[in-house]
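Reading through the structure tokens given below for one structure.
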Ligand code: ADP
């Protein structure tokens, strides 16, 4: 039953203000319709039973039925979304009804009280200020009725009261509308905030999940990478113990190689882990980049000489200083130069320092004439434990961690690392370090 009533009252207007007004109008219409219906049925019964004075009730029957019809019409208009038109129709109907009900009484001011009702309704259904329009129309009706019917003008108090009520209903309807508007804004803001927070939480959750997966992958990769040198060590140790002494030197060489591979792997893993947990804060100071590159150059020169490679450092003069941790930068650049020496069989390794064209970054470029990197490898070489196909197949030792460490260090300095390479021709890595160090949070 209640559901049925709610269905009758419900509207589909999209504007929240219209929806509120249309619903309110439907409630009023329903109330009036029930009253009118009961009256019409009762009056009809009395007429059918021909009770005393039934002739006088016929006009009541017809006006009641007409009123009911009017209410249904207003309801239909309202349900079609025209709440403004429906409200005006509704006010017209009740005012005509009130006027015709006892026109003589109006002139005398006796039934003027009824006319307060449309004033109140107008301020809520149309706009707060429309209560004054209704008060004025009502006053005009009083005056015209008094003049036409030549009645004693007894309506001044009625008119004054009408406007007093118009003021009160105007103020209260305004307060109500403003409060509703504020509530709606607060509601919208709350919705917006809840939505934003939910999204932030979902993103944070995704990030955590991603980190968790990365950690698990890291641990399983490390264990996998450690397994090979460790099992090689134990195999060769056993062979050394059991085998004949003629192979001792060969076994020892393998053991030495595997030990140094293990040492490098552990050192790289520790470096990465330390950087991730941020247990080593970078020691940032204004540094001369050429001095840093020089340390890297000197450290790799001997290996390059042994391989018969030409190694050159072409420093730009008068470079501004960079805000950097020199040990970390040495480590990052050392990985790049070390790789160039590793993956180049003949030719040269050239290191350049320069200012970029926009003079916002210092660039350190490491180029070689080595084996180059396959296109499909380029997207992955900065991933942990990733070794290029050609590098993996070669005898060149490596852990696949060097570039991951380098990238991490460069990004911690607010910079970026780019790579260009061609198979069989060589590779260029360029490190871009900002001259203005970004603000840390
Ligand atoms: P590692 O050198 O230990 O394999 P890195 O992370 O330093 O690991 O490098 C990842 C991969 O990038 C290498 O396996 C190799 O395939 C490729 N690479 C890096 N530098 C060069 C280079 N200068 N020339 C050719 N390939 C390179």
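Residue numbers (my numbering): 1378 to 1818.
Ideal Cβ positions, reconstructed from N, Cα and C, are used throughout, including at glycine.
With a threshold of 16 other CB atoms inside 10 Å of the CB of residue i, please say whether the residue is buried or exposed.
i, result
"residue 1398", "buried"
"residue 1663", "exposed"
"residue 1808", "buried"
"residue 1381", "exposed"
"residue 1601", "exposed"
"residue 1660", "exposed"
"residue 1418", "exposed"
"residue 1635", "buried"
"residue 1533", "exposed"
"residue 1378", "exposed"
"residue 1818", "Residue placement at residue 1818 cannot be trusted, given a pLDDT of 43 that sits under 50; the coordinates are not used to answer."
"residue 1626", "exposed"
"residue 1786", "buried"
"residue 1747", "buried"
"residue 1496", "buried"
"residue 1633", "exposed"
Let me check understanding here. Comparing Cα to Cα, which of the options lies closest to residue i?
i, options, result
"residue 1692", "1591, 1727, 1513", "1727"
"residue 1697", "1708, 1666, 1591", "1666"
"residue 1415", "1457, 1598, 1438, 1426", "1438"
"residue 1769", "1742, 1720, 1724", "1720"
"residue 1505", "1554, 1489, 1473, 1526", "1554"
"residue 1714", "1539, 1756, 1658, 1783", "1783"
"residue 1791", "1737, 1773, 1766", "1737"
"residue 1461", "1402, 1587, 1521", "1402"
"residue 1599", "1777, 1743, 1611, 1389", "1777"
"residue 1411", "1767, 1685, 1445, 1452", "1445"
"residue 1699", "1718, 1722, 1730", "1730"
"residue 1413", "1440, 1658, 1489, 1525", "1440"
Would you identify the three-state DSSP class for residue i, choosing helix, strand or coil?
i, result
"residue 1569", "helix"
"residue 1454", "helix"
"residue 1817", "Residue placement at residue 1817 cannot be trusted, given a pLDDT of 49 that sits under 50; what the coordinates show is reported in the next sentence. Residue 1817 falls in the coil class under three-state DSSP."
"residue 1807", "strand"
"residue 1688", "strand"
"residue 1429", "coil"
"residue 1801", "coil"
"residue 1738", "strand"
"residue 1761", "coil"
"residue 1682", "helix"
"residue 1614", "helix"
"residue 1536", "helix"
"residue 1795", "strand"
"residue 1590", "helix"
"residue 1745", "strand"
"residue 1722", "coil"
"residue 1577", "helix"
"residue 1662", "strand"
Since residue i is in the alpha helix (DSSP H), which residue starts that stretch and which ends it?
i, result
"residue 1398", "1393-1425"
"residue 1383", "1379-1386"
"residue 1841", "Any property of residue 1841 remains undetermined from this structure, which presents the chain solely from 1378 to 1818."
"residue 1704", "1703-1719"
"residue 1767", "1766-1770"
"residue 1658", "Per DSSP, residue 1658 belongs to no alpha helix (DSSP H) and is neither H nor E."
"residue 1752", "1752-1755"
"residue 1502", "1493-1502"
"residue 1773", "Element bounds for residue 1773: n/a, residue is neither H nor E."
Pull up the distance between the alpha-carbon of residue i and that of residue j, whole angstroms please.
i, j, result
"residue 1573", "residue 1811", "33 angstroms"
"residue 1550", "residue 1500", "6 angstroms"
"residue 1447", "residue 1523", "28 angstroms"
"residue 1761", "residue 1608", "22 angstroms"
"residue 1637", "residue 1569", "58 angstroms"
"residue 1584", "residue 1679", "44 angstroms"
"residue 1409", "residue 1430", "26 angstroms"
"residue 1724", "residue 1628", "33 angstroms"
"residue 1426", "residue 1474", "27 angstroms"
"residue 1799", "residue 1669", "28 angstroms"
"residue 1516", "residue 1527", "16 angstroms"
Along the chain, where does the beta strand (DSSP E) that runs through residue i open and close?
i, result
"residue 1820", "What is shown of the chain runs 1378 to 1818, which leaves residue 1820 out entirely."
"residue 1788", "Element bounds for residue 1788: not the beta strand (DSSP E) but the alpha helix (DSSP H), 1779-1789."
"residue 1634", "Counting along the chain, residue 1634 falls outside any beta strand (DSSP E), though it belongs to the alpha helix (DSSP H) covering 1625-1653."
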